[in-house]
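Some notes on the structure that comes next.
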Amino acid sequence: MTDPYESRDTDGDGLGDNADAFPNDPNEKVDSDGDGVGNNADAFPTDPSETTDTDGDGIGDNADDDADGDGVPDEPVDPVDGSESGGILPGFTALTGLASVLGAAILVAGRRKD
Ligand SMILES: [Ca+2]
Ligand SMILES: [Ca+2]
Ligand SMILES: [Ca+2]
Ligand SMILES: [Ca+2]
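Just so we're aligned: the sequence shown equals residues 201 to 314 in my numbering.
And the structure:
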């Protein structure tokens with residue numbers, strides 16, 4: 201360490217806590233755009249409105265109409281995607297399962313009474 205005012209390097213990344221924007225993260229030292237995501241994890245280290253580019257097309261997820269790159273625009277929700285109906289079915293199954301368990305419990309309780 202060359203800075204005489206530095207006394208600690210909590211995350212041990214070689215940069216003192218005073219100069220380290222992420223003193224507890226050994227993988228990050230600088231956040232150039234100040235969006236809270238270190239430059240190493242920030243796909244857009246100079247753009248505070250973007251931190252990730254899921255499909256890697258160079259357009260940040262926030263500005264990208266198709267962030268996951270599946271060819272279907274993110275909004276409005278694509279009805280062909282099927283993720284909506286897929287979400288309802290497991291819930292319905294779980295509810296039916298719960299009802300069966302409850303029914304069985306009531307049945308057992310009723311038998312005990314007799
Ligand atoms: Ca660090
Ligand atoms: Ca950043
Ligand atoms: Ca950024
Ligand atoms: Ca993108």
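Ideal placement from N, C-alpha and C gives every residue a C-beta, glycine not left out.
If we count the other Cβ atoms within 10 Å of its Cβ and call it buried at 16 or more, is residue i buried or exposed?
i	result
THR293	exposed
GLU250	buried
ASP274	exposed
GLY310	exposed
ASP265	exposed
Express the C-alpha separation of residue j and residue i in angstroms, rounding to a whole number.
i	j	result
ASN224	GLY271	39 Å
TYR205	THR254	40 Å
ALA304	ARG312	12 Å
VAL237	ASN262	15 Å
THR296	GLY256	42 Å
Spatial neighbours of residue i within its chain, please: C-beta separation below 7 Å, excluding the five flanking residues on both sides.
i	result
THR210	ASP217, PRO223 and ASN224
LEU215	ASP209 and LYS229
ASP247	ASP233 and GLY260
Can you give me the Cβ contacts of residue i inside the same chain, cut-off strictly under 6 Å, excluding the 5 residues immediately before and after it?
i	result
ASN240	ASN227 and GLU228
Among residues of its own chain, excluding the 5 on either side of residue i, which ones have a beta-carbon nearer than 8 Å to its beta-carbon?
i	result
ALA219	ASP203, GLU206 and LYS229
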